[in-house]
Each structure stands twice: as C-alpha cells, then as structure tokens.
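Numbering (the UniProt record's numbering), first residue to last: 1 to 132.
Backbone N, C-alpha and C define an ideal beta-carbon position, used for all residues, glycine too.
Reviewing the structure listed below.
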Amino acid sequence: MNGDCCGNAVYFKQEGSFLCCNDSLARKLADTDECCGSTVFDGGRQQICCGEKVFDRNQADACCTRNNATEVEFNSKTEFCCNGAVRRNMGVFCCYLRIDGELVAESYRNQTHCCRYPFDIIYPKVNGDCLS
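Here it is as structure tokens:
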C-alpha cells in the first residue's frame, strides 16, 4: 500500500485520520473536520474559519472580506461588514464607492458625511446637508 504525501510527511488519506492542510499534516477529530489554513476546524459546527484562522462561533459567526481581499471575523449580532468589522448602532454606515471600475466598501459617519452620487468619494456635509 502506497502512502500519500503531505509536505515532508507520508500518511494514508483513505484511512481518514488526518487531513493535509497547506502541506501540514493535521489530525482529524471528527468526520466534519476541514482544513483552515494549516490547521483543522470543526467544519462550522462550533467554529468558523476566516482568513485561514479559526474562531469560536460565540466570538464570531461570519467572515468579512476587506477591499484588499483579506478576511476578518465578525459577530453579526453586534457588527456589520464594511471593509472590516464595524460596530452596529454607532452612527456608522457603509458606502459602496466606484473607484477605477471596482466597488469599494467604505464606512462613514452619517452625522458628518454623505454617501451620494456620483459615489466616487464620501462627501462632507455642508451646513448639515448632503448637497448634490
């Protein structure tokens, strides 16, 4: 019986006891286990994988992709995703700007700034108003 390669290690994939995660051999503890970067996580039952890092679901329940394509974790009950995790109910909103033909998420304070056409920058309010 021939083994399977994982980095510098040899293991038997069909045996089901190990996963090869980014060329690192990791022991599987349950059938639902999956790779997260170089480690193993429970496949989403009590953990999530964001940006190749494992987080407990009681700490974070979703992933947020930033404008630079990296991922961060966030708790959707207390935060929302806008180029990173942003706390809810703090007067901060999300604006999708069109920059170089791409949509880019940027947070802004609606007390002092406006997200408005032509959606190229976040505009400061003038005398408390959003001018067009």
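If you drop the 5 nearest sequence neighbours on each side, which residues of the same chain put their C-beta closer than 8 Å to that of Asp4?
The answer, listed in chain order, is Val10, Tyr11, Phe12, Lys13, Cys20.
Do you know how far the Cα of Gly91 is from the Cα of Thr78?
If you take the alpha carbons of Thr78 and Gly91, they lie about 13 Å apart.
Going along the chain, which residues of its own chain have a beta-carbon closer than 7 Å to the beta-carbon of Glu52, five neighbours each way excluded?
Hits under 7 Å: Cys36, Gly37.
Name the DSSP bridge partner or partners of Arg98?
In the DSSP output, where bridge partners are listed per residue, Arg98 has Leu103.
Is it true that the region 118–130 meets the region 90–107, where meeting means three or more beta-carbon pairs spaced less than 8 Å apart?
Flag = yes, the region 118–130 and the region 90–107 touch.
Could you check the C-alpha separation between Thr39 and Ser107 for me, to the nearest Å?
Looking at the two C-alpha atoms, the distance is approximately 32 Å.
Would Asn83 pass as a contact of Ala69 if the rule is Cβ separation under 9 Å?
No.
Is the Cβ-Cβ distance between Val54 and Cys63 less than 9 Å?
No.
For Lys13, which three-state DSSP category applies?
Reduced to three states, the DSSP call for Lys13 is helix.
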